[in-house]
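Asks: Numbering (numbering that gives the first Met the number 0), first residue to last: 0 to 401.
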Amino acid sequence: MYIAKQVTMLFSALLLGMSFLVIPAAAAEDIKIGVLTPLTAGAHSLGKEAVRGAKIAADYINAKGGVLGRKIKVIIEDDAGQVEKAISGFRKLTSRDKVVAIIGQIHSSNMLALIKPAENAGIPIFSTQASNVKITSSKSPNVFRTAAIDPDRAEAWVGFFQQNGFKKIGIIAENTDYGVGLVKLLKTFNKERSLGLSLKPFIFDKNSRDITPQLLQLKNWGADVVINIGVGDVAYLIVKQAYDIKLFPETPMVASFDWPSQPIFWKNLGKKGNYLTYISYGHPNQKLTAMGEWFKAEFERLYNDAPIFGASNAFGQIVMIAEAIYHAGSADPAAIMNALEDYHYDNFNGPVKFDRADGARWHQSSPPILIVQHTAEGQSLGDGTILYPPNLQTGSLTKGSR
0 MYIAKQVTML FSALLLGMSF LVIPAAAAED IKIGVLTPLT AGAHSLGKEA VRGAKIAADY
60 INAKGGVLGR KIKVIIEDDA GQVEKAISGF RKLTSRDKVV AIIGQIHSSN MLALIKPAEN
120 AGIPIFSTQA SNVKITSSKS PNVFRTAAID PDRAEAWVGF FQQNGFKKIG IIAENTDYGV
180 GLVKLLKTFN KERSLGLSLK PFIFDKNSRD ITPQLLQLKN WGADVVINIG VGDVAYLIVK
240 QAYDIKLFPE TPMVASFDWP SQPIFWKNLG KKGNYLTYIS YGHPNQKLTA MGEWFKAEFE
300 RLYNDAPIFG ASNAFGQIVM IAEAIYHAGS ADPAAIMNAL EDYHYDNFNG PVKFDRADGA
360 RWHQSSPPIL IVQHTAEGQS LGDGTILYPP NLQTGSLTKG SR
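#1: Can you give, in chain order, each stretch of the alpha helix (DSSP H) that sits fully within the stretch 246-298 and has at least 4 residues?
#2: Within 8 Å, do at least three Cβ pairs link the stretch 323-341 to the stretch 101-116?
#3: Okay, do the stretch 374-386 and the stretch 231-241 touch, 3+ Cβ pairs below 8 Å being the bar?
#4: Leaving out five residues on either side along the sequence, give the residues of the same chain with a beta carbon under 8 Å from the beta carbon of Ser197.
#5: Using CA atoms only, rank isn't needed, just tell me which of Ala79, Gln285, Ile148, Tyr274 is closest to Leu391.
#6: Looking only at its chain, what residues have a beta carbon closer than 7 Å to the beta carbon of Ile55, apart from the 5 residues adjacent to it on each side?
#7: List the endpoints of the continuous alpha helix (DSSP H) containing Asn189.
#8: What is the rounded straight-line gap between the Cα of Val142 and the Cα of Arg360?
#9: Give me whichever residues DSSP pairs with Arg144 in a beta bridge.
#10: According to DSSP, is Phe314 helix, strand or coil?
#11: Look at the alpha carbon of Leu268 and the alpha carbon of Ala333, and state the distance between them as a whole number of angstroms.
#12: Please say whether Asn348 and Leu287 have beta carbons closer to each other than 8 Å?
#13: Here's the rule: buried if 16 or more other CB atoms are within 10 angstroms of the residue's CB, otherwise exposed. What is Asp77?
#14: Please state if the CB of Leu380 and the CB of His282 are separated by a distance shorter than 8 Å.
#15: Nearest CA to the CA of Gly80: which residue from Pro259, Ala321, Leu35, Leu246?
#16: Going by CA-CA distance only, name the one from Pro37, Lys398, Ile370 that's closest to Phe159.
#17: Taking 8 Å as the cut-off, does the stretch 125-133 touch the stretch 189-196 (at least 3 CB pairs, one atom from each stretch)?
#18: DSSP state of Pro200, grouped into three classes?
#19: Return the chain-ordered list of same chain residues with a C-beta closer than 7 Å to the C-beta of Leu111, the five sequence neighbours on each side being excluded.
#20: How is the beta strand (DSSP E) around Ile102 delimited, first residue to last?
#21: Just to confirm my understanding: we take Trp265, look at its own chain, exclude 5 residues before and 5 after, and list those with CB closer than 7 Å. What are they?
#22: Going along the chain, which residues of its own chain have a beta-carbon closer than 7 Å to the beta-carbon of Ile368, five neighbours each way excluded?
#23: State buried or exposed for Lys97, treating a residue as buried only when at least 16 other CB atoms are found within 10 Å of its CB.
#24: Going by beta carbon distance, what residues of the same chain come within less than 8 Å of Asp29, once the five residues before and after it are set aside?
#25: So, with DSSP's three-state summary, where would you put Arg355?
#26: Nearest to Ser107 by CA position, among Asp331, Ile75, Pro212, Val82, is which residue?
#27: Grab me the residues of Ser44's own chain with a C-beta within less than 7 Å of its C-beta, minus the 5 sequence neighbours each way, in chain order.
#28: Report the rounded CA-to-CA distance for Asp223 versus Ile170, giving the unit in angstroms.
#29: Based on Cα-Cα distance, which residue from Asn61, Ser311, Gly88, Ile202 lies nearest to Pro366?
#30: Determine the closest residue to Ser402 out of Gly231, Lys186, Lys199, with distance taken between C-alpha atoms.
#31: Quick one: is Thr145 buried, meaning 16 or more other Cβ sit within 10 Å of its Cβ, or exposed?
#32: Under 6 Å Cβ to Cβ from Pro248, same chain only, skipping five residues before and after it: list those, please.
#33: Taking all protein chains shown into account, decide if Thr276 is buried (16 or more other Cβ within 10 angstroms of its Cβ) or exposed.
#34: Going by Cα to Cα distance, which pick from Gly52, Ile32, Thr93 is closest to Tyr485?
#35: Is the CB-CB distance between Lys245 and Trp220 below 8 Å?
#36: Are the CB atoms of Glu48 and Ile307 nearer to each other than 8 Å?
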């Protein structure tokens, strides 16, 4: 029932080279896809990038004639990074706007809270950047993800620690499914693999505006490295306050995802952000699919900057949903979900297959994970030093100085 049909290249060629109209687009109602993402509060900059990617995807598809003779229309809804607003936004998108699928989730807590509503509504929902393992290990037929999962992130951290001889690992994590889940995962890795790491985690309220007491304890403890597991504004706050007490950059700090690759990073932190290391889900020099190359060029034309992962992934998710509609011959959500399982797809960065695999690999496609360091103020991702993995390494960790 779930045997993949090898037709991805055909659809990609149709997208890139010609229309895939079936009936006149003007005669049919738009197909609506929801983008439920944070546009206010802490992670608003990530949500904004996801919206940019989704809108470019709709324009890309519609310029080729739409799908099944219908235009794609994205409906934007702000979840403000809060579970309650995510649920109310979901209800609006499904009940009033009648979307056939939803993308855009950044926060793991929100995404987890939306699994049952998605099942009840019978529509597919994509995690654009939410990474908690429970999202896909739920084995929900409605859940799909083309973003990193936390075990992959933790694997990269452990390899990086071993590469640099780090033993005393300070962790500053927000009190969310994302933050708490990563702390638990690192503890599990350390115990089950007998890594011999000394972990000192602090869980803080994600709405806190003073992390200094916890950071001072990590400084006095003599951490070899500090992991910054904050999302949005509080992640910047951790860097600023660690710099002010001379914990960072004297002690290396690793951000838990690619927010330091955004242009706003240097506007927010200036010199205080230099020497920060961070997880990245790719690199400007990596090989992209044909549609990925098109998107990168179009994004740079529109915004005079390279797209971050969240923008590229949102673009790819909208295109894959449109492709599933094409394969299904219908915009019925149940038919879309079946087609998402039955076919191979192309995302911006490579092929995707949504398998009914075990554990967190259910309906999961993972990007590559790099650890990158900024070594000069104003650097972009492409200018930074790749520290990990060893086969892609372009340099060694630079010790921070003021």
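The C-beta atom is built at its ideal place from N, Cα and C for all residues, glycine as well.
Replies: So, from the listed chains and residues:
#1: The alpha helix (DSSP H) runs of length 4 or more contained entirely in the stretch 246-298 are, from start to end of the chain, 263-268.
#2: Result no; under three Cβ-Cβ pairs closer than 8 Å.
#3: Using a C-beta cut-off of 8 Å, the stretch 374-386 makes no contact with the stretch 231-241, since fewer than three inter-stretch Cβ pairs fall below that distance.
#4: In the sequence shown, counting from the first residue as 1, residue 197 sits at position 198. A distance below 8 Å between beta-carbons, with the five flanking residues on each side excluded, links Ser197 to the following residues of its chain, in chain order: Lys166, Lys167, Ile168.
#5: Along the sequence shown, one-based indexing puts residue 391 at 392. The residue among Ala79, Gln285, Ile148, Tyr274 with its C-alpha nearest the C-alpha of Leu391 is Gln285.
#6: Locating residue 55 in the sequence shown gives position 56, where the first residue counts as 1. Cβ neighbours of Ile55 within its own chain (closer than 7 Å, five residues either side excluded): Phe294, Glu297, Phe298, Phe314.
#7: For the purposes of this step, residue 189 is taken as residue 190 along the sequence shown, with counting starting at 1. Looking at the DSSP string, the run of the alpha helix (DSSP H) that includes Asn189 is 176-191.
#8: Translated into the one-based positions of the sequence shown, residue 142 becomes position 143. Translated into the one-based positions of the sequence shown, residue 360 becomes position 361. About 11 Å.
#9: Here residue 144 is taken as the residue at index 145 of the sequence shown, counted from 1. According to DSSP, Arg144 bridges with Ser126, Gln363.
#10: Here the question's residue 314 lines up with position 315 in the sequence shown. Residue state, collapsed to three classes: helix.
#11: Here residue 268 refers to the residue found at position 269 of the sequence shown. Here residue 333 refers to the residue found at position 334 of the sequence shown. Leu268 and Ala333 have their alpha carbons spaced roughly 46 Å apart.
#12: Against the sequence shown, residue 287 aligns to sequence position 288. Against the sequence shown, residue 348 aligns to sequence position 349. The answer is yes: Cβ separation under 8 Å.
#13: Walking along the sequence shown from the start, residue 77 turns up at place 78. Buried is the label assigned to Asp77, since at least 16 other Cβ atoms lie within 10 Å of its Cβ.
#14: Mapped onto the sequence shown, residue 282 falls at position 283. Mapped onto the sequence shown, residue 380 falls at position 381. Result yes, Cβ atoms of His282 and Leu380 sit closer than 8 Å.
#15: For the purposes of this step, residue 80 is identified with residue 81 of the sequence shown, where counting begins at 1. When C-alpha distances from Gly80 are compared across Pro259, Ala321, Leu35, Leu246, the shortest belongs to Leu35.
#16: Counting from 1 along the sequence shown, the entry for residue 159 is found at position 160. When each option's Cα is compared against that of Phe159, the closest is Ile370.
#17: Output reads no: the stretch 125-133 does not touch the stretch 189-196.
#18: If you number the sequence shown from 1, residue 200 lands on position 201. Strand at Pro200.
#19: Indexing the sequence shown from 1 puts residue 111 at position 112. These residues qualify, in order along the chain: Asn131, Lys133, Ile134, Asp176.
#20: Walking along the sequence shown from the start, residue 102 turns up at place 103. 101-104 is the extent of the beta strand (DSSP E) around Ile102.
#21: By 1-based counting over the sequence shown, the position of residue 265 is 266. For Trp265, same chain residues with a beta-carbon under 7 Å away, outside a window of 5 residues either side, are Gly272, Glu376, Gly377 in chain order.
#22: In the sequence shown, counting from the first residue as 1, residue 368 sits at position 369. The beta carbon of Ile368 lies closer than 7 Å to those of Ala147, Asp151, Arg152, Ala155, Ile278, Tyr280 in the same chain, with the five residues before and after it left out.
#23: The sequence position of residue 97 within the sequence shown is 98, counting from 1. That one is exposed.
#24: Your numbering for residue 29 matches position 30 in the sequence shown. The beta carbon of Asp29 sits closer than 8 Å to the beta carbons of Arg69, Lys70, Ile71, Lys72 from its chain, once the five residues preceding and following it are set aside; these are given in chain order.
#25: As a working note, residue 355 is residue 356 in the sequence shown. In the structure shown, Arg355 falls within a coil segment according to DSSP collapsed to helix, strand and coil.
#26: As a position in the sequence shown, residue 107 is number 108, starting the count at 1. Comparing Cα positions, the closest option is Val82.
#27: In the sequence shown, the residue the question calls residue 44 occupies position 45. If you ignore the 5 residues before and after Ser44, its C-beta comes within less than 7 Å of the C-beta of Gln261, Ile263, all in its own chain and listed in chain order.
#28: Taking the first residue of the sequence shown as position 1, residue 223 is located at position 224. Taking the first residue of the sequence shown as position 1, residue 170 is located at position 171. Their backbone Cα atoms lie some 11 Å apart in a straight line.
#29: Numbered from 1 along the sequence shown, position 367 holds the residue referred to as residue 366. Distance check between Pro366 and each of Asn61, Ser311, Gly88, Ile202 places Ser311 closest, using alpha-carbon atoms only.
#30: With the chain running from 0 to 401 in the structure shown, residue 402 is simply not present.
#31: For the purposes of this step, residue 145 is taken as residue 146 along the sequence shown, with counting starting at 1. Result: buried.
#32: Taking the first residue of the sequence shown as 1, we reach residue 248 at position 249. Result list for Pro248: Tyr274, Gly399, in chain order.
#33: The residue given as residue 276 occupies position 277 in the sequence shown. Thr276 comes out buried.
#34: In this structure the chain extends from 0 to 401, so residue 485 is not present and cannot be described.
#35: Against the sequence shown, residue 245 aligns to sequence position 246. Against the sequence shown, residue 220 aligns to sequence position 221. No, they are not a contact pair.
#36: The sequence position of residue 48 within the sequence shown is 49, counting from 1. The sequence position of residue 307 within the sequence shown is 308, counting from 1. Yes, the Cβ-Cβ distance between Glu48 and Ile307 is below 8 Å.
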